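Peer 1: The structure's right below; bear with me while I get my questions together.
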Amino acid sequence: INVANFRFSELSAEEINSPMKKLAFRNADLTDESFNELLKLLRYTPELSQAEFDDCALDGVGDFQPSESDIVRELGKVETLIIRRLHIPRFYSFNDLRSVYSLLEKVKRITVENSKVFLVPCEFSQRLRSLEFLDLSENLMVEEYLRNSACEGAWPSLQTLILSQNYLKSIERTGEILLTLKNLTDLDISRNSFRPMPDTCRWPPKMRFLNLSSTGIWAVKMCIPQTLEVLDVSNNNLDSFSLFLPRLRELYISRNKLKTLPDGSLFPVLLVMKIRENALSTFSKDQLGSFPKLETLEAGDNHFVCSCELLSFTLGQPALSQVLPDWPDSYLCNSPPRLRGQRVQEARPSVLECHQALLVSGVCCALLLLILLIAGLCHHFHGLWYLRMMW
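Going by the UniProt record's numbering, the residue at position 376 of the sequence shown is 376; the numbering climbs one at a time, nothing skipped.
Set out below in structure tokens:
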């Protein structure tokens, strides 16, 4: 849709007060001038709460000049602004949007995704006093510019910040930069290529959720905030997890290289753990019992060795599906070869595999009885005398 030459005509009194709550533009071509005209629509949509722009193009430099005071007042009722894949041919010449700072002061949720954002000016961040949710995924943010965006007094009400798939390199610097966000609880910095994690870091004091999935990390250290209730480190290179997190309730650690379940004593209040697609070979009653409050465990698609111990445990736990929501379809034997591909629930080991000690004892007893029998027969039929006579 080409709205580059859009001009707004005043509406009649009968058309005022539209009940419209969402205004969406998709594949639209805009200019600075047509955007100014579109703002006038807001006077006639007092119930509008969300504006959305998907796959649009803006042929301009952000020279917006909303001059009517009633527009400013009405835009204050828009709480959600979503911009995805906005193409700005002259984005390096784009100005700081100073002319629209006041329009966004009451907006609570902003998403600007995959739109080549590399900086949010400090003054603009400070004006977003009501902002609670900010998603800047798939953009060009680096630590240097993030420091300017999260300056002192920026986003004072922000609770959720998503910086997934940007160009952040240092977990330590990222945490330090965000110390200014006193109310931040949820942080998503997934799909960034971070350098190795340091031993210690500083984070906003109220952090509860941290997403570090797909960041290439090889180890987790005390850098992880102790205040976390939810941690996602999926799709990394972790081969162990031995970090004590006293408040953690949910741990997502799928698609790593762990060979055993983490020690449950590290997570005294853990309720949910997802550890699919690792290198687990088994788990036992003792391992599961080390998690005092665990309610849900997803451990499917691992390399299970269908040993006698594992099969004995699963056979003795008919209610496993209450704890393992992906049981039994995602739990397949990887070895021994004769059981490969079978569901753990249905696999049955041979007697020789699971009762070797009993079998050896039985054979020994049989041999002993045979020897005693032969000795008894020899004695009864004077076998030793006949043997001497043969010599």
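Cβ atoms here follow ideal geometry from the backbone N, Cα and C, with glycine treated the same way.
Quick caveat: nothing in here was measured; it's all calculated off a predicted structure.
Where glycine 216 and tyrosine 92 are concerned, what is the direct C-alpha to C-alpha distance, given to the nearest angstrom?
Peer 2: Each residue's alpha carbon lies about 31 Å from the other.
Peer 1: Measuring only the C-alpha atoms, how far is aspartate 188 from proline 349?
Peer 2: Rounded to the nearest angstrom, the two C-alpha atoms are 45 Å apart.
Peer 1: Just the Cα atoms here: how many angstroms apart are valine 305 and glutamate 277?
Peer 2: Each residue's alpha carbon lies about 14 Å from the other.
Peer 1: Using the beta-carbon count (16 or more within 10 Å), is residue 395 buried or exposed?
Peer 2: The chain is shown from 1 up to 391; residue 395 falls before or after that span and cannot be answered.
Peer 1: Find out if the Cβ-Cβ distance for the pair asparagine 139, phenylalanine 118 is shorter than 8 Å.
Peer 2: Cβ atoms of asparagine 139 and phenylalanine 118: closer than 8 Å.
Peer 1: How far does the beta strand (DSSP E) with aspartate 32 in it reach, from first residue to last?
Peer 2: That residue, aspartate 32, is in no beta strand (DSSP E); its alpha helix (DSSP H) goes 32-39.
Peer 1: Since serine 242 and leucine 266 are thought to touch, with beta carbons under 8 Å apart, how far apart are those beta carbons, to the nearest angstrom?
Peer 2: Going by Cβ atoms, the distance from serine 242 to leucine 266 rounds to 7 Å, so yes, they are a contact pair.
Peer 1: On the DSSP bridge list, what partners appear for leucine 297?
Peer 2: Answer is Met273, bridged to leucine 297.
Peer 1: In chain order, what residues of the same chain lie with their CB nearer than 8 Å to the CB of glutamine 287, ignoring the 5 residues before and after it?
Peer 2: Answer for glutamine 287: Thr260, Leu261, Gly264, listed in chain order.
Peer 1: Report the option in Gln50, Ser213, Lys40 whose CA atom is closest to the CA atom of phenylalanine 25.
Peer 2: The shortest Cα separation from phenylalanine 25 among Gln50, Ser213, Lys40 belongs to Gln50.
Peer 1: Looking at chain B, is there any beta carbon in it that lies within less than 8 Å of the beta carbon of glutamate 138?
Peer 2: Of the protein chains in this structure there is only one, and it is not chain B.
Peer 1: Quick one: what does DSSP say methionine 20 is sitting in, helix, strand or coil?
Peer 2: Note: methionine 20 maps to coil in three-state DSSP.
Peer 1: What distance in whole Å lies between the Cβ atoms of arginine 84 and aspartate 63, which are believed to be in contact at a cut-off of 8 Å?
Peer 2: So it is not a contact: roughly 23 Å between Cβ atoms.
Peer 1: Rounded to a whole number of angstroms, what is the C-alpha to C-alpha distance between serine 284 and glycine 316?
Peer 2: Roughly 11 Å between the two C-alpha positions.
Peer 1: Going by the CB atoms, is the gap between lysine 77 and leucine 97 shorter than 8 Å?
Peer 2: It is not a contact, given that the beta carbons lie outside the stated cut-off.
Peer 1: From this set, Pro336, Phe291, Pro325, which residue's C-alpha is nearest leucine 310's C-alpha?
Peer 2: If we check each option's Cα against that of leucine 310, Pro336 comes out closest.
Peer 1: Once the 5 residues before and after threonine 200 are set aside, which same chain residues still bring their CB inside 7 Å of it?
Peer 2: So the list reads Met222, Cys223, once near-sequence residues are dropped.
Peer 1: Is phenylalanine 291 buried or exposed, if buried means 16 or more other CB atoms sit within 10 Å of its CB?
Peer 2: So phenylalanine 291 ends up on the buried side.
Peer 1: Am I right that residue 437 and arginine 255 are in contact with their C-beta atoms under 8 Å? What's the rounded C-beta distance?
Peer 2: Since the first and last residues shown for the chain are 1 and 391, residue 437 lies out of range.
Peer 1: What's the C-alpha gap between serine 149 and glutamine 126?
Peer 2: Between serine 149 and glutamine 126, the C-alpha separation is close to 9 Å.
Peer 1: Using a 10 Å radius around the Cβ and a threshold of 16 neighbouring Cβ atoms, would you call phenylalanine 244 buried or exposed?
Peer 2: Exposed.
Peer 1: Whose C-alpha, out of Leu158, Leu163, Ile88, is nearest the C-alpha of threonine 185?
Peer 2: When each option's Cα is compared against that of threonine 185, the closest is Leu158.
Peer 1: From the DSSP secondary-structure annotation, give me the bridge partner or partners of glutamate 52.
Peer 2: Partner(s): Ala24, Ile82.
Peer 1: Taking only runs of the beta strand (DSSP E) that begin and end inside the stretch 127-209, which ones reach a length of at least 3 residues, in chain order?
Peer 2: Whole beta strand (DSSP E) segments, 3+ residues: 133-135, 160-162, 186-188.
Peer 1: Within a Cβ cutoff of 8 Å, which residues of the same chain sit near proline 19, ignoring the five residues on either side of it in sequence?
Peer 2: For proline 19, where only same-chain residues beyond five positions count, the Cβ hits under 8 Å are Glu47.
Peer 1: Would you mind stating whether glutamate 269 and threonine 296 have Cβ atoms separated by less than 8 Å?
Peer 2: The sequence shown places valine at residue 269, not glutamate. Taking 8 Å as the Cβ cut-off, valine 269 and threonine 296 do not qualify as a contacting pair.
Peer 1: Going by DSSP, what residue range makes up the alpha helix (DSSP H) through leucine 315?
Peer 2: Taken as a continuous stretch (DSSP letters only), the alpha helix (DSSP H) holding leucine 315 covers 308-315.
Peer 1: Go ahead and label aspartate 135 buried or exposed: buried means 16 or more other beta carbons lie within 10 angstroms of its beta carbon, across all protein chains shown.
Peer 2: Aspartate 135 should be labelled buried.
Peer 1: Could you tell me if alanine 279 is buried or exposed, where buried requires 16 or more neighbouring beta carbons within 10 angstroms of its beta carbon?
Peer 2: Exposed, since its Cβ has fewer than 16 Cβ neighbours within 10 Å.
Peer 1: Helix or strand or just coil, what does DSSP make of cysteine 365?
Peer 2: Residue state, collapsed to three classes: helix.
Peer 1: Roughly how many angstroms lie between the CA atoms of serine 214 and asparagine 302, to the nearest whole one?
Peer 2: Going from the Cα of serine 214 to the Cα of asparagine 302 covers about 19 Å.
Peer 1: Would leucine 332 be called buried (16 or more neighbouring beta carbons within 10 Å of its own) or exposed?
Peer 2: Classification of leucine 332: buried, given that the 10 Å Cβ count is 16 or more.
Peer 1: Using alpha carbons as the reference points, say which of Val61, Lys169, Glu250, Arg249 lies closest to phenylalanine 35.
Peer 2: Of Val61, Lys169, Glu250, Arg249, the residue nearest in Cα terms is Val61.
Peer 1: Alpha carbon to alpha carbon, how far is alanine 251 from serine 281?
Peer 2: For the record, residue 251 in the displayed sequence is leucine; it is not alanine. So the two alpha carbons sit approximately 20 Å from each other.
Peer 1: May I ask you to report which of helix, strand or coil DSSP gives tyrosine 252?
Peer 2: It is a strand residue.
Peer 1: Candidates Gly300, Glu143, Ile162: which alpha carbon is nearest glutamate 113's?
Peer 2: Of the listed residues, the one whose Cα sits closest to glutamate 113 is Ile162.
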